[in-house]
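Some notes on the structure that comes next.
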Amino acid sequence: MMAVLVVAVAVQRNLFSVVVLTGIYSFLMASVLVALDAVDVAMTEASVGAGISTVLLLGALYLVRADEAKPMHRPLLPLLVSIGVGAALVYGTLGLPAFSDPNAPIHTHVAPRYLNDALRETGVPNVVTAVLASYRGYDTLGETTVVFTAGAGVVALLRRRRRDGEGGK
Amino acid sequence: MKNDLVLRVVAKLFTPFVLLFALYVQFHGELGPGGGFQAGVIAAAAVILYAIVFGLPAARRLVPDAIVESLMAIGVLIYAGVGVAGLLLGGAYLDYFVLDRDPVHGQERGIFWVEVGVAVTVSSVMLKIFSMFASRGHDPDE
Chain Z
1 MMAVLVVAVA
11 VQRNLFSVVV
21 LTGIYSFLMA
31 SVLVALDAVD
41 VAMTEASVGA
51 GISTVLLLGA
61 LYLVRADEAK
71 PMHRPLLPLL
81 VSIGVGAALV
91 YGTLGLPAFS
101 DPNAPIHTHV
111 APRYLNDALR
121 ETGVPNVVTA
131 VLASYRGYDT
141 LGETTVVFTA
151 GAGVVALLRR
161 RRRDGEGGK
Chain B
170 MKNDLVLRVV
180 AKLFTPFVLL
190 FALYVQFHGE
200 LGPGGGFQAG
210 VIAAAAVILY
220 AIVFGLPAAR
230 RLVPDAIVES
240 LMAIGVLIYA
250 GVGVAGLLLG
260 GAYLDYFVLD
270 RDPVHGQERG
280 IFWVEVGVAV
290 TVSSVMLKIF
300 SMFASRGHDP
310 DE
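Read top to bottom, the protein sequences are chains Z and B. Following the numbering used here, the numbering of the first sequence begins with 1 at its first residue and continues without gaps. Following the numbering used here, the numbering of the second sequence begins with 170 at its first residue and continues without gaps.
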């Protein structure tokens with residue numbers, strides 16, 4: 001079903017439909033993540049991917065025309081490149097350990113320590129929160145700074161241009 | 170959409186509950202799924218819903234631009250401040266064990282404030298990006 005959506009997004013020329021379809025895709029992705037027991041990630045995907053991004057894309061769409069321009073040349077080279085990259089990624093997944101293999105490196109490295117000691121060390125029952133805010137606090141600080149930088153960049157770009165426009169009138 | 174009665178009533182009813190849900194996700198994030206990032210996005214979504222139905226100027230009266238812009242930086246400063254507090258209390262940067270006499274309680278306190286910082290920054294950045302996009306091509310006094 002998600003594959004059908006991706007093809008529809010690629011084929012569709014009306015950008016409004018594309019935005020709605022990507023929102024549906026995000027919701028399906030969130031359901032997949034719930035099925036994988038990654039509830040925190042699913043919540044983020046549903047609120048950010050399906051909610052805020054859709055609203056922001058619609059807001060951007062409001063400023064431009066709703067139909068995608070016809071491409072100037074045949075998209076053969078990009079198609080070949082993406083098929084090549086996709087094939088390389090699929091080839092890479094062949095080297096991964098089997099899904100839900102208990103002896104996979106990801107399950108034997110730091111995960112047991114987090115699962116066993118997080119509640120005792122941090123007093124926070126949700127291990128995801130404990131890892132995010134405590135064990136990996138530096139990473140999350142970096143992420144917050146990235147979000148701030150993105151916001152500051154948008155403010156810097158859009159505000160200056162608006163003032164120029166007013167000055168021209 | 171300002172003149173649609175159904176939308177106006179539903180949006181007005183919805184906004185406080187969405188904000189309440191954001192607070193729940195924020196403060197319940199230590200026990201269930203959720204946390205600062207999700208709570209910030211949900212809180213921003215509540216204000217964006219209000220802005221879409223009642224117009225951007227109404228939302229700007231609700232949350233003035235100056236507050237949103239300063240909150241963007243304040244969130245990061247809260248997060249970094251937790252790290253500095255750990256330094257001042259004799260630990261390493263972002264070391265929560267020293268924030269309270271009981272190390273476990275110190276961890277809880279550190280995680281709580283860090284999540285607050287994340288939520289503040291994320292919600293104000295999302296709101297700011299939305300209002301920057303939405304105000305372009307509009308008359309601000311519409």
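Note that beta-carbon positions come from the ideal geometry of N, C-alpha and C, so glycine has one too. Every value quoted in this text rests on a predicted model; they were computed, and no experiment measured them.
Chain-ordered neighbours of T290(B) on chain Z, where CB pairs are closer than 7 Å: Position 121 of the second sequence, counted from the first residue, corresponds to residue 290(B). Per Cβ cutoff of 7 Å: T144, V147, F148.
Cβ of L15(Z) less than 8 Å from any chain B Cβ? Translated into the one-based positions of the first sequence, residue 15(Z) becomes position 15. Closer than 8 Å: no.
Do three or more CB pairs link the region 116-130 of chain Z to the region 252-259 of chain B at distances below 8 Å? no
Hey, could you find the ends of the alpha helix (DSSP H) Q207(B) is sitting in? Here residue 207(B) is taken as the residue at index 38 of the second sequence, counted from 1. Looking at the DSSP string, the run of the alpha helix (DSSP H) that includes Q207(B) is 205-223.
Which stretch, first to last residue, makes up the alpha helix (DSSP H) that contains H109(Z)? By one-based count along the first sequence, residue 109(Z) stands at place 109. Per DSSP, H109(Z) belongs to no alpha helix (DSSP H) and is neither H nor E.
By DSSP, does D117(Z) sit in helix, in strand, or in coil? The count along the first sequence starts at 1 and reaches residue 117(Z) at position 117. Helix at D117(Z).
Suppose only complete runs of 4+ residues qualify. What are the alpha helix (DSSP H) ranges in the region 32-104 of chain Z, listed by chain order? 39-44, 53-63, 76-94
Does the region 132-144 of chain Z touch the region 213-229 of chain B, meaning 3 or more C-beta pairs lie closer than 8 Å? no
Proximity test, Cβ basis, 8 Å: A249(B) and chain Z: Working through the second sequence from its first residue, we reach residue 249(B) at position 80. Closer than 8 Å: yes.
Which partner residues does N172(B) have in the DSSP bridge list? Counted from its first residue, the second sequence places residue 172(B) at position 3. Paired residues: none, contrary to the question.
Check whether M43(Z) and P202(B) have beta carbons under 8 Å apart: Start at 1 with the first residue of the first sequence, and residue 43(Z) comes out as number 43. Start at 1 with the first residue of the second sequence, and residue 202(B) comes out as number 33. A contact, by the Cβ cut-off of 8 Å.
DSSP puts N14(Z) in a beta bridge; with which residues? As a working mapping, residue 14(Z) is identified with position 14 in the first sequence. In DSSP, N14(Z) forms a bridge with D67(Z).
Do the CB positions of V155(Z) and M301(B) come within less than 8 Å of each other? Against the first sequence, residue 155(Z) aligns to sequence position 155. Against the second sequence, residue 301(B) aligns to sequence position 132. The answer is yes: Cβ separation under 8 Å.
Taking the continuous alpha helix (DSSP H) assigned at P355(B), which residues delimit it? Coverage of chain B is limited to positions 170 through 311, which leaves residue 355(B) absent and any answer about it impossible.
Host alpha helix (DSSP H) of E238(B) (start-end): By one-based count along the second sequence, residue 238(B) stands at place 69. Per DSSP, E238(B) belongs to the alpha helix (DSSP H) from 234-257.
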